[in-house]
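Numbering (the working numbering), first residue to last: 3 to 546. No residue lacks a Cβ here, since even glycine has one placed at the ideal position from N, Cα and C. Just so it is clear, the structure is predicted and the values come from calculations on it, not from any experiment.
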Amino acid sequence: MHTDYSISGHIIDIHNQEIYQGTVHVSNGHISKIVREATDATDYILPGFVDAHVHVESSMLVPCEFARLAVPHGTVATVSDPHEIGNVLGLKGVEYMVDNGKKVPFKFYFGAPSCVPATPFETAGAEITAADIETLFKRDEIKYLAEMMNWPGVLNRDPDVMEKIALARKYGKAVDGHAPGLRGDQAAQYASAGITTDHECFTAEEALDKLAVGMKILIREGSAAKNFEALIPLLPEHYQQIMFCSDDKHPDNLVEGHINLLVKRALAKGNDLFHVLQAACVNPVEHYKLEVGLLRQGDAADFIVIDNPDNFTLKATYINGELVAENGISKIAYSPSEVINNFDTDEKAAEQFKVAAADATSIRVIEAFDGQLITKEIWADANIDNGFIEADVAKDILKIAVVNRYENTIPAVAFIKNVGLKEGAIASSVGHDSHNIIAVGVDDESIARAVNLIIQAEGGVAAVGLGKEQLLPLPVAGIMSAEDGYKVAKAYSAIDQLSKEMGSTLESPFMTLSFMALLVIPSLKLSDKGLFNGDEFKFVPVAE
3 MHTDYSISGH IIDIHNQEIY QGTVHVSNGH ISKIVREATD ATDYILPGFV DAHVHVESSM
63 LVPCEFARLA VPHGTVATVS DPHEIGNVLG LKGVEYMVDN GKKVPFKFYF GAPSCVPATP
123 FETAGAEITA ADIETLFKRD EIKYLAEMMN WPGVLNRDPD VMEKIALARK YGKAVDGHAP
183 GLRGDQAAQY ASAGITTDHE CFTAEEALDK LAVGMKILIR EGSAAKNFEA LIPLLPEHYQ
243 QIMFCSDDKH PDNLVEGHIN LLVKRALAKG NDLFHVLQAA CVNPVEHYKL EVGLLRQGDA
303 ADFIVIDNPD NFTLKATYIN GELVAENGIS KIAYSPSEVI NNFDTDEKAA EQFKVAAADA
363 TSIRVIEAFD GQLITKEIWA DANIDNGFIE ADVAKDILKI AVVNRYENTI PAVAFIKNVG
423 LKEGAIASSV GHDSHNIIAV GVDDESIARA VNLIIQAEGG VAAVGLGKEQ LLPLPVAGIM
483 SAEDGYKVAK AYSAIDQLSK EMGSTLESPF MTLSFMALLV IPSLKLSDKG LFNGDEFKFV
543 PVAE
């Protein structure tokens, strides 16, 4: 039930690039009028923030719990790609996200996943066809064709890929891109197929190539991939084509902040307030045609109240006129959510993680980088013991394994550098994009134990070491918890801390781990079917 009320303060009018004293009048969830008038109120009123590209599933929370944690930071809406749950449960999973999001006063706008499964080189739990995408496009909540990761298919005008893009055009939906490293003529060819955005730029030069051919660039700062510093210099000249996003954000980081943190950092660098807010508030709404208010007469009453633009401390968040957060406290109540899953594999023995040396003397190693999704292929001398290649902890070369969670198969095992563990193992069933179980450890017994904790729980993140075992169960599709989001964040923080006590030097070990099976990001990754070269799109042997 809506009530009529008014709020006075300094109105930040992004469209007209001015700040003036006035009063916002709210009636029936909408802004009935904004009156310019002198007022004693010192607060500032402005539109709420929109995360322009996020996988809600990566927060390990169901949508209604994600919303609870996001609103204290001034977020009123997300442009959400549900392809994580899509890879596990298909159309049923996408519909779960849409329906769950409706339980709370928050504006979730979902895309139709374009690449499920992401590649034919891994085992996924489901497929989303062009016919499924058309079914989704008939729902008002589905605003766009989600990230087109199959950029080779776009460049080669693959019929299946082009059919999905044509459906987006038919229904008037935007098409999200995903083309890391694409430059020049290839970027132009990619955009000419109808791709309108990209959130995968690692350098300003790459982003400029895409801006030049009409694409909008999303500046991403998530728990693992951090491109803000590289791309924020583009904002002054290209603020009308820039948006902010988190892409993937773990629950502990979401408790700390969201898009508001990017706004504060951008302002601290001396960027114009209106340019920053154009990217954080206006551009996603206009690009994706979202039903989100932008503080104009007749708009939905979606706005936030801050102390001032210098501190940018959030005091209140309103969605459809309802106060959903105040002074850092969420007013959205916890409510139980249904659990759905797709998990069917038996526990594994330590012996299944052994790698026979044969005649090998050298091994390919995945070199991971903190804060990046990309990896590098490097070579190292094989550390051989009793005919098997083992981890070399002194050189920070550990074992990495991917276990098929949809059927019983032998684990795929390879080697990885820069995780930093000195003992034990960590494992997760959040493994983009197919969400098989991925683990890294110093010995086979620890790896098997961490993997089996997750199998027993039918999903979760686990750490085994220093005489401890910790598990955060994720029973919703094996990638999300239905529990209170703040409790989940606390439990995740404890496991994250244990992994660092075990030696990990990564800022977000589990987030980085989750991308080591993401084959569409170069250069070297591991799927449940083997070690994969993402530059050449082919399997390669571990040892030679």
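Using alpha carbons as the reference points, say which of the options lies closest to residue i.
i: Lys109; options: Thr315, Ala54, Val156 and Val90; result: Ala54
i: Thr315; options: Leu263, Glu340 and Lys350; result: Leu263
i: Phe539; options: Gly50, Ile234, Ala429 and Glu124; result: Glu124
i: Ile439; options: Gly461, Ser60 and Tyr173; result: Gly461
i: Val163; options: Gly196, Arg185 and Asn18; result: Gly196
i: Pro253; options: Val156, Ile321 and Met62; result: Met62
i: Ala452; options: Asp435, Ala545 and Pro475; result: Pro475
i: Ala358; options: Ile497, Ser339, Asn385 and Val367; result: Asn385
i: Glu409; options: Gly373, Phe345 and Val463; result: Phe345
i: Ala519; options: Leu508, Gly505 and Asn535; result: Asn535
i: Glu239; options: Ile219, Glu258 and Pro477; result: Ile219
i: Ala181; options: Leu157, Ala382, Gly127 and Tyr173; result: Leu157
i: Val81; options: Val395, Lys527, Leu147 and Ile16; result: Leu147
i: Ile234; options: Phe204, Ile457, Lys251 and Gly174; result: Phe204
i: Gly95; options: Pro115, Val106 and Glu293; result: Pro115
i: Gln280; options: Phe230, Leu237, Thr199 and Thr347; result: Leu237
i: Thr121; options: Leu455, Ser483, Thr507 and His437; result: His437
i: Lys35; options: Gly330, Val26 and Ala190; result: Val26
Counting only beta-carbon separations shorter than 8 Å, does residue i have a partner in chain C?
i: Ala132; result: The structure shown contains no chain C; it holds only a single protein chain.
From the DSSP output, read off the bridge partner residues of residue i.
i: Asp142; result: Note: Asp142 sits in no beta bridge, so no partner.
i: Ile402; result: Ala416 and Val442
i: His201; result: Note: His201 sits in no beta bridge, so no partner.
i: Lys218; result: Thr199
i: Asn535; result: Leu526 and Lys540
i: Arg70; result: Paired residue(s): none; Arg70 is not in a bridge.
i: Gln23; result: His12
i: Ala370; result: Thr377
i: Ser430; result: Ile440 and Val463
i: His32; result: Ser29 and Ala302
i: Leu473; result: Ala464
Skipping 5 residues on each side, what residues in its chain have a beta carbon closer than 7 Å to that of residue i?
i: Pro65; result: Val58, Met99, Asn102, Gly103 and Phe110
i: Leu275; result: Leu269 and Pro311
i: Ser529; result: Phe123, Glu124, Val404, Ala414, Ala519 and Leu521
i: Ala226; result: Asp250, Gly373, Leu375, Ser510, Met513, Thr514 and Phe517
Tell me, to the nearest whole angstrom, how far the beta carbon of residue i is from that of residue j; I am working on the premise that it is less than 8 Å.
i: Glu369; j: Ile380; result: 5 Å
i: Leu269; j: Val284; result: In fact, because the Cβ distance is near 16 Å, the residues do not count as touching under 8 Å.
i: His32; j: Ala302; result: 6 Å
i: Lys356; j: Asp445; result: In fact, because the Cβ distance is near 11 Å, the residues do not count as touching under 8 Å.
i: Val177; j: Met150; result: 6 Å
i: Cys247; j: Val442; result: No, Cys247 and Val442 are not in contact; Cβ-Cβ is about 27 Å, not under 8 Å.
i: Gln23; j: His12; result: 6 Å
i: Glu136; j: Leu169; result: 5 Å
Within a Cβ cutoff of 6 Å, which residues of the same chain sit near residue i, ignoring the five residues on either side of it in sequence?
i: Thr320; result: The amino acid at residue 320 is misidentified as Thr; the sequence shows Tyr. Correct list, in chain order: Ala303 and Phe305.
i: Leu533; result: Ala416, Val542 and Val544
i: Arg70; result: Ser332, Ile334 and Gly487
i: Glu349; result: Asn454 and Ile457
i: Asp394; result: Asn385
So is the beta-carbon of residue i under 7 Å away from any non-hydrogen atom of the ligand PLP?
i: Ala416; result: Here there are no bound small molecules, and the ligand PLP is not part of this structure.
In its own chain, which residues sit with a C-beta less than 8 Å from the C-beta of residue i, not counting the 5 before and 5 after it?
i: Leu500; result: Ala465, Gly467, Leu468, Lys470 and Gln472
i: Gly92; result: Val118, Gly127, Ala128, Glu129, Ile130 and Asp134
i: Glu165; result: Ala132
i: Ile16; result: Leu48, Pro49, Phe276, Leu279, Gln280, Cys283, Val284, Leu296 and Leu297
i: Ala206; result: Ala232, Leu233, Pro235 and Leu236
- Task: Would you list, in sequence order, the uninterrupted alpha helix (DSSP H) runs of no fewer than 4 residues that lie entirely inside the segment 84 to 155?
- Result: Counting only runs of 4 or more, we get 85 to 91, 93 to 103 and 132 to 139.
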